[in-house]
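Under our numbering, the first residue of the sequence shown carries the number 1077, and numbering increases by one thereafter. Glycine included, every Cβ here is placed at the ideal spot set by N, Cα and C. Below is one structure, written out as structure tokens; comments come after it.
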Amino acid sequence: MPSLVAFGRKWNIASDDFVFPEITEVLVRLSWMAFAFAVFILHFPLSCSGKDMTMSLLALLIVNGVTIVLAFVMAGISSRGTIMNTYPRRHIATLLYIRVPLYVLELALTIVSTVGALAPDPPDSTCHFSNILKVTVGLEWIMILCMLIGMLIVFNPVDESDVEDSTIIARRIWSRRFRIFTIRRGESMRTAMDDVANVVGSFFADVDIVFSDVLAGLFLTIHSPANVYPPLVPKNGDRPEWMTLENALHFAHFASCVYGWPTYLLHNLGIRPAYKLFRRLQCCGRLRCDQVLVIEDNCCFCNTAAFTLFNEDKNIDLFFVSFRNQLYEVPFVVLADHESRSIVITIRGSCSLVDLVTDLCLDDEVLSVDVDADPLLRTDPSLDGEGEVRVHRGMLMSARYVYDTLRKHQVLEDLAVLNTGYQLVVCGHSLGAGVASLVTLLLKQDYPNVRCFAFAPPGCVITENGLHELEEHVFGIVAGDDLVSRISFHALHRLRVKVAAELDACTKAKYEILIRGIFRLFFTTAWESGPLSGESILNDRVNLIPEGGAAANGSTYGTAAAVAIPSSATAITLATAQRLSSRVQLYAPGKLLHIAEDESKEDGVACEWIDPKCLSDIILTASAITDHLPKNIERLLEKVIAAKGTPVVVPSAGSEDSGSSPGTNRAGPANASSARTTPPRVVVTQPRASSR
């Protein structure tokens, strides 16, 4: 930091990023030289009358030797100074200018050696030197190609000399990088990727950093002794009686198994589960039945088969399956769950590139959409009481797709006739949780008592004005330090300020930070090797910096305020504050229950209702990603239920003790036929063979 300037342009690499590449290059070239010397010793080329390659090989050996010396020098100079202090590394560009003609000479010698190695041997030649020579030249070509690929990776195609606005520069750079994801895609995908580029570019505007700087800054932020996070604020108040741990555990299973066959094989390792899945495959629609409508799956219905295997011990009837996964079109499954007497809509979370695009649609015009602009939400009087309600645009478009698909095929109406008096339940995990909460908003016009179980919902779904309405219908589960439930535009920008502050305060070289940071990923013992900054330690056990506190910023509860920010990071802080002031704050939906492992508790687990606003800052811990996994949420729910001494049972959603009286909270008319109680028979049907 900042980016390396050479050959009249900035590169996507810093002057302190050459330590590991140059050391690696030295080791590779030494190995090649050892192999080449072995060729000379075992197959002395002067004794071979067929061809004379002595001069070309000696020239390559000399060039490699000189390159090794230069690589050693570059690695040493690159290791000097700190991340922010680039003056000790000012000669890196000069060494690169020296390396360029040397690289061209090496390329020319390799071409000459290749021509000689591929030349045919004389008919009377008894020398076996040619085959070994071809291997030697081939290894040299591999080294040259690796260097060329490395240069292409760090090359910055955007000319920044004629543009003064750093935001425009960042957007151009990321738009070019994302073009690869728009190959053979439609106009909507290209537009969405431009929006994502605008969002990502906003995080790299006003600051000159490269990827390794971000990684080092994250390591410093994770282990900084000055980390200050907003506390979990308990939120008391009445809640619907159906929001129980038992119900949450029951529907968490459906939210997990909708991820398809990769998740099934991951959770069921072994030959027997794979064989069971293979037997369930129905390639090219060999078996047809009108019982289940499969809108889209792969050719062998692998995802549908995996879903049925996940639920082979459940009393369910699979009714509607859609594994169509396009932009703003998420996979979902509709089934009748006879155990809880519910009609369940389970929506899949992020599992593909297009899902990630939906998550990252965070531009000003894309992050939030006025509910009044939606033709259905505009008619909801309960959303007009406290002012404008805005929601995540990508999730709203996905929710509209699910809602329109259900209406098009009359799925809920048909299920209500087949299963009279059943409760309508929507559930999902991650992105699916955010979409499920907005689907609940759309459905509650026709089904005022619809329920939603949102597991690990994103932290950027709806504004504060809409939280009250969702609290009556959405039960959110947040586990531990889940990263996704804390992600929002505001939270990411506050993290950006923290990273910049840590980089500014750091007093050690980047390579040392990266080594120690990666070491701490795999080992819990602190690496005692001196301070990285000037302050004394606060907690040696949790810090990457054993004796050094970076002057980091702390965030106040629900705001973008920061304290103790170094002066050189002030510009970034001011720019961030200006951006956040023009953006609306979005929160996780519904009434949130936070569950986490807590060694201080007698039962080892903590569980409390929290305010969504206390999830306004990203907490970087070792469990930030694992806490988001569906199986981990199910495990924590089971642990909480066991700790409370409550049997893991699922009370009937239509029973009196679940907060609903007979004839209410139903998904269908009261005069429909009674539900079946026999074990489910799930059969996949070809879409064109369906009568619906």
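Query	Result
Hey, quick one: how far does the beta strand (DSSP E) through L1500 stretch, first residue to last?	1499-1505
On the criterion of 16 or more Cβ atoms from any shown chain inside 10 Å, does A1412 qualify as buried, or is it exposed?	buried
On the criterion of 16 or more Cβ atoms from any shown chain inside 10 Å, does N1374 qualify as buried, or is it exposed?	exposed
Could you give the first and the last residue of the continuous beta strand (DSSP E) run that contains A1783?	Here the chain comprises residues numbered 1077 to 1768, so residue 1783 is not present and cannot be evaluated.
So R1165 packs on I1174, CB below 8 Å; how close in whole Å?	So it is not a contact: roughly 15 Å between Cβ atoms.
Could you name the residues that DSSP lists as bridge partners for C1690?	Note: C1690 sits in no beta bridge, so no partner.
Please report the residue range of the beta strand (DSSP E) in which F1037 lies.	Outside the displayed range of the chain (1077 to 1768) lies residue 1037, so it cannot be described from this structure.
Excluding five sequence neighbours on each side, which residues of the same chain lie with their C-beta closer than 7 Å to the C-beta of V1726?	Summary for V1726: the model assigns pLDDT 42, below 50, so the residue's position carries little reliability, and this model does not support an answer.
Look at the Cβ atom of V1397, then the Cβ atom of V1370, and state whether they are nearer than 9 Å.	yes
Pick out whichever of D1522, V1420, Q1521, K1484 has its Cα sitting closest to the Cα of N1495.	V1420
Using 10 angstroms around the beta-carbon of S1091, count the other beta-carbons present and answer buried if the total reaches 16, otherwise exposed.	buried
Using the C-alpha atoms, what's the distance from A1700 back to W1087?	32 Å
Helix or strand or just coil, what does DSSP make of Y1335?	coil
Please say whether L1559 and G1666 have beta carbons closer to each other than 9 Å?	no
Could you spell out the range, first to last residue, of the alpha helix (DSSP H) harbouring T1297?	1287-1298
Within its chain, find whatever has a CB closer than 7 Å to the CB of Y1404; leave out the 5 residues flanking it on each side and keep chain order.	T1434, G1470, M1473, S1474, Y1477
Quick one: measure Cβ to Cβ for W1685 and L1712, integer angstroms, because I've assumed they're closer than 8 Å.	With 8 Å as the limit, W1685 and L1712 do not qualify as a contact, their Cβ atoms being about 15 Å apart.
Give me the residue from Q1661, D1693, K1720, V1660 with the minimum Cα distance to D1679.	K1720
May I ask you to list the residues that DSSP assigns as paired with H1670?	V1554, E1684
Spatial neighbours of S1564 within its chain, please: C-beta separation below 6 Å, excluding the five flanking residues on both sides.	G1535, C1536, L1662
Only counting the same chain, and skipping five residues up and downstream in sequence, which positions put a Cβ closer than 6 Å to that of I1671?	A1555, C1683, L1712, V1716
How many angstroms separate the CA atom of A1581 from the CA atom of V1511?	41 Å
Distance check for V1115 and K1210, CA to CA, integer angstroms please.	11 Å
Inspect the beta-carbon positions of A1331 and L1353 and report whether they are closer than 9 Å.	no
Tell me, which residues are paired with L1369 by DSSP?	F1396
Looking only at DSSP bridge pairs, what is R1527 linked to?	V1501
Taking the Cβ atom as the reference point for each residue, do N1387 and L1394 lie within a distance shorter than 9 Å?	yes
Return the residue from the list L1185, A1169, V1526 that minimises the CA-CA distance to E1547.	V1526
Measure the C-alpha to C-alpha separation of V1515 and Y1479 and round it to an integer number of angstroms.	6 Å
Rounded to whole angstroms, what's the CA-CA distance from L1080 to I1208? Just pull it up for me.	40 Å
Whole-angstrom Cβ separation of Y1340 and C1427, contact assumed at under 8 Å?	About 13 Å; that fails the 8 Å criterion.
Whose CA, out of I1695, L1482, A1169, lies closest to the CA of S1300?	I1695
So, with DSSP's three-state summary, where would you put S1418?	strand
List the whole-angstrom C-beta distance separating G1157 from A1585, where the pair is believed to meet the contact cut-off of C-beta under 8 Å.	7 Å
Can you say whether I1285 is buried or exposed, counting buried as having 16 or more other CB atoms within 10 angstroms of its CB?	buried
Whole angstroms are fine: how far does the CA of E1317 sit from the CA of D1733?	Any reading at D1733 must be qualified, since the residue scores a pLDDT of 40, below 50, and its modelled position is unreliable; the value itself is stated next. Roughly 8 Å between the two C-alpha positions.
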